[in-house]
Structures are given as structure tokens and as C-alpha cells.
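A.B. asks: Before I ask anything, let me first share the structure, which is written out below as C-alpha cells.
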Amino acid sequence: MRLTILGCSGSIPGPDAAASGYLLEADGFVLGLELGNGTLARLQALRDPFDLDALILSHLHPDHCADVSALTVLRRYHPALPYPARPRRLPVYGPSDVHERLAHAYAANEEERATTDLSDVFAFEALRPEPMEIGPFEVTAVPVDHPTPAFGLRFAHGGKTLAYTGDTGVCDTLTDLACGADVLLSEASWTDSPDRPAGVHLSGKEAGELGRKAGAGRLLLTHVAPWTDRDAVLAEAAVAFPAAELVEQGAVYDL
Numbered sequence: 229m230r231l232t233i234l235g236c237s238g239s240i241p242g243p244d245a246a247a248s249g250y251l252l253e254a255d256g257f258v259l260g261l262e263l264g265n266g267t268l269a270r271l272q273a274l275r276d277p278f279d280l281d282a283l284i285l286s287h288l289h290p291d292h293c294a295d296v297s298a299l300t301v302l303r304r305y306h307p308a309l310p311y312p313a314r315p316r317r318l319p320v321y322g323p324s325d326v327h328e329r330l331a332h333a334y335a336a337n338e339e340e341r342a343t344t345d346l347s348d349v350f351a352f353e354a355l356r357p358e359p360m361e362i363g364p365f366e367v368t369a370v371p372v373d374h375p376t377p378a379f380g381l382r383f384a385h386g387g388k389t390l391a392y393t394g395d396t397g398v399c400d401t402l403t404d405l406a407c408g409a410d411v412l413l414s415e416a417s418w419t420d421s422p423d424r425p426a427g428v429h430l431s432g433k434e435a436g437e438l439g440r441k442a443g444a445g446r447l448l449l450t451h452v453a454p455w456t457d458r459d460a461v462l463a464e465a466a467v468a469f470p471a472a473e474l475v476e477q478g479a480v481y482d483l
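If you want my numbering, it's the 1-based position in the sequence shown plus 228.
Following this line, the structure appears as C-alpha cells:
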């Protein structure tokens with residue numbers, strides 16, 4: 229498996245930094261994971277966006293899905309669509325209301341919302357607890373603790389596993405999600421403080437403790453907000469997981 233970081237800025241894009249977006253590749257299959265603000269621009273800088281074979285959205289906050297509207301325009305109106313080499317409808321997996329949320333984001337006003345349907349461009353499917361086969365990947369989705377329905381995701385292929393927390397506060401499902409993963413891609417939006425609201429995000433300390441408790445082989449920290457001190461987040465995580473790393477936009481990791 230190969231993981232590419234399209235963007236890793238938490239909650240909003242930062243200066244020259246896209247929000248959440250990743251590519252996971254194996255056996256020639258290109259799986260998009262999140263498509264937040266600015267990530268379609270980064271994707272185009274690296275490869276043809278029509279290379280995407282499927283897209284997963286862990287939840288439907290804009291910093292994880294805003295650029296799906298731009299992808300809709302590309303796939304609907306590009307003058308030289310590469311079909312029939314690729315199917316027109318891109319499989320998109322997400323929470324059960326993913327089709328409604330993305331249609332509402334695309335529509336310009338209330339009148340358009342009544343008739344907007346993106347099913348000519350995307351084939352929507354709800355994430356579910358049972359393992360799913362998406363291309364060469366076995367994907368397991370587990371509910372996590374966030375203000376909107378949200379999932380952590382575990383990807384298995386060729387004897388390797390990548391666990392991704394999505395956006396979440398500390399919750400029981402995270403340890404099972406990350407247990408024994410070769411790589412844990414964990415959000416770490418802020419530094420640790422008793423004033424942080426529960427059920428929203430992980431601190432650097434909490435991400436490090438999760439990686440240690442789960443026995444992850446490698447801990448990659450992502451989703452640090454632009455107003456947060458990245459070095460402080462890393463230092464917190466390193467107390468429990470000394471080899472923790474901060475991901476960088478454009479970085480590539482081979483599992």
C-alpha cells in the first residue's frame with residue numbers, strides 16, 4: 229500500500245496548505261480518502277483526477293468533503309472525458325446521508341436543492357460495520373465520537389494494515405480500530421488541556437497514547453489546525469510514542 233498526503237491541515241485550510249485529503253493505492257487501484265478544501269488542486273498537481281477509482285468520506289464536515297463539489301464539475305463537464313476507459317459514476321462511500329449532503333453543497337439555492345441529484349456522476353454507498361471490499365482493500369468502518377456521524381477506517385491489503393481515526397475524541401472503538409496496525413494515521417488537532425471539549429478531536433497526547441495502547445507500528449499525526457503549534461503537538465505525542473511523526477503535504481509513505 230502507498231499513502232500520499234494531499235492535505236493535512238485541520239478544520240480549515242492553512243496558508244498554502246490544503247485540508248484533509250489522502251490517496252491510498254495498491255495493485256493499480258487509487259482510493260481517495262477525504263476531499264477537503266484545496267485537495268482537488270493538490271490532486272491535480274500530482275496526477276489526473278480521473279485516476280480515482282473510488283472515494284471514501286469519513287464524515288461530512290467541509291474540511292473533509294468540500295472539494296467534492298469541484299470534482300462534480302470536473303466529472304460532469306470536462307470536454308475530454310476518459311470514458312469508456314473508466315466508469316462515469318465514481319463510487320463514493322460515506323455516512324448514510326452522503327448523497328443529500330453533497331447535493332446540498334453543490335446546489336446554489338433552495339430552488340436548485342429541490343432538484344439537484346449527483347447520481348449521474350457518483351454511485352453513493354453508505355459505510356457500514358461489516359468489512360467492505362473496495363478494490364483490493366478490505367475496509368472496516370467503525371463509528372467514532374464527533375459532533376456529526378463519523379467513522380474511523382481500517383484498510384487491509386497484502387498483510388498490511390492502515391488505521392485512520394478520522395475526526396474523533398477519545399472513545400472505546402479507537403483502540404480496536406488501531407490494534408496492531410502497521411500504520412496509524414491519527415488526527416491530533418490541538419494540544420492537551422482539560423478545557424478541550426469532549427467528543428470532538430484528539431490532542432497530541434491522546435494520539436500518542438492511542439498509538440502506544442494499540443501497539444501500532446508507526447504513528448503519523450495529521451489534521452493539526454493552522455492556529456496550533458505543530459511542534460507542541462508532536463512533543464506531546466512523543467511522550468507515549470517516541471517515534472511519532474507529523475505528516476507533511478505531498479509526503480508519500482509505503483507500507
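Positions of the beta carbon are idealized from the N, C-alpha and C atoms, including for glycine.
Please list, in chain order, all residues of the same chain as S417 whose beta carbon is under 6 angstroms from its beta carbon, the five residues on each side excluded.
C.D. replies: Cβ within range, chain order: G238, H429, H451, A453.
A.B. asks: Roughly how many whole angstroms lie between the Cα atoms of E338 and R329?
C.D. replies: So the alpha carbons of these two residues sit roughly 14 angstroms apart.
A.B. asks: Keeping to the same chain, check which residues put their C-beta closer than 7 angstroms to that of R314; ignore five residues upstream and five downstream.
C.D. replies: Cβ neighbours of R314 beyond the five flanking positions: F278.
A.B. asks: For L274, count the other beta carbons within 10 Å of its own beta carbon; 16 or more makes it buried, fewer makes it exposed. Which is it?
C.D. replies: Burial call: exposed.
A.B. asks: Distance check for G264 and A294, CA to CA, integer angstroms please.
C.D. replies: Going from the Cα of A294 to the Cα of G264 covers about 5 angstroms.
A.B. asks: For D482, I'd like the list of residues in its chain whose CB is within less than 7 angstroms of its CB, leaving aside the five on either flank, ordered along the chain.
C.D. replies: Same-chain partners within the cutoff: R230.
A.B. asks: So, do the region 305-312 and the region 336-351 have three or more beta carbon pairs nearer to each other than 8 angstroms?
C.D. replies: Result no; under three Cβ-Cβ pairs closer than 8 angstroms.
A.B. asks: Taking Cβ positions only, does N265 come closer than 8 angstroms to chain C?
C.D. replies: Among the chains of the structure shown, chain C does not appear; only one protein chain is present.
A.B. asks: Give me the Cα-Cα distance between L251 and G443, rounded to the nearest whole angstrom.
C.D. replies: The straight-line gap from Cα to Cα measures roughly 24 angstroms.
A.B. asks: In whole angstroms, give me the CA-to-CA distance for L405 and G386.
C.D. replies: Going by the C-alpha atoms only, they are around 18 angstroms apart.
A.B. asks: Which of helix, strand or coil does DSSP assign to V301?
C.D. replies: Helix at V301.
A.B. asks: Where are the alpha helix (DSSP H) runs, 4 residues long or more, that stay fully inside the region 418-446, in chain order?
C.D. replies: With a minimum length of 4 residues, the continuous alpha helix (DSSP H) runs that stay inside the region 418-446 are 432-442.
A.B. asks: Can you give me the start and stop residues for the alpha helix (DSSP H) that Y334 sits inside?
C.D. replies: Run containing Y334: 326-334, per the alpha helix (DSSP H) assignment.
A.B. asks: From the DSSP output, in three-state form, read off T393 for me.
C.D. replies: T393: coil per DSSP, three-state reduction.
A.B. asks: Could you pull the start and end residues of the alpha helix (DSSP H) that H451 belongs to?
C.D. replies: Premise fails: H451 is in no alpha helix (DSSP H) and is neither H nor E.
A.B. asks: Compare the beta carbon distance of L412 and R446 with 8 angstroms and say whether it is the shorter of the two.
C.D. replies: Yes. Within cutoff.
A.B. asks: Who are the near neighbours of F379 in its chain, counting only those whose CB is closer than 8 angstroms to its CB and skipping five residues on each side?
C.D. replies: Around F379: S286, H287, P323, L355, A369, V370, P371, V372, G394.
A.B. asks: If you draw a straight line from the C-alpha of P290 to the C-alpha of L268, how long is it?
C.D. replies: Cα-Cα distance, rounded: 13 angstroms.
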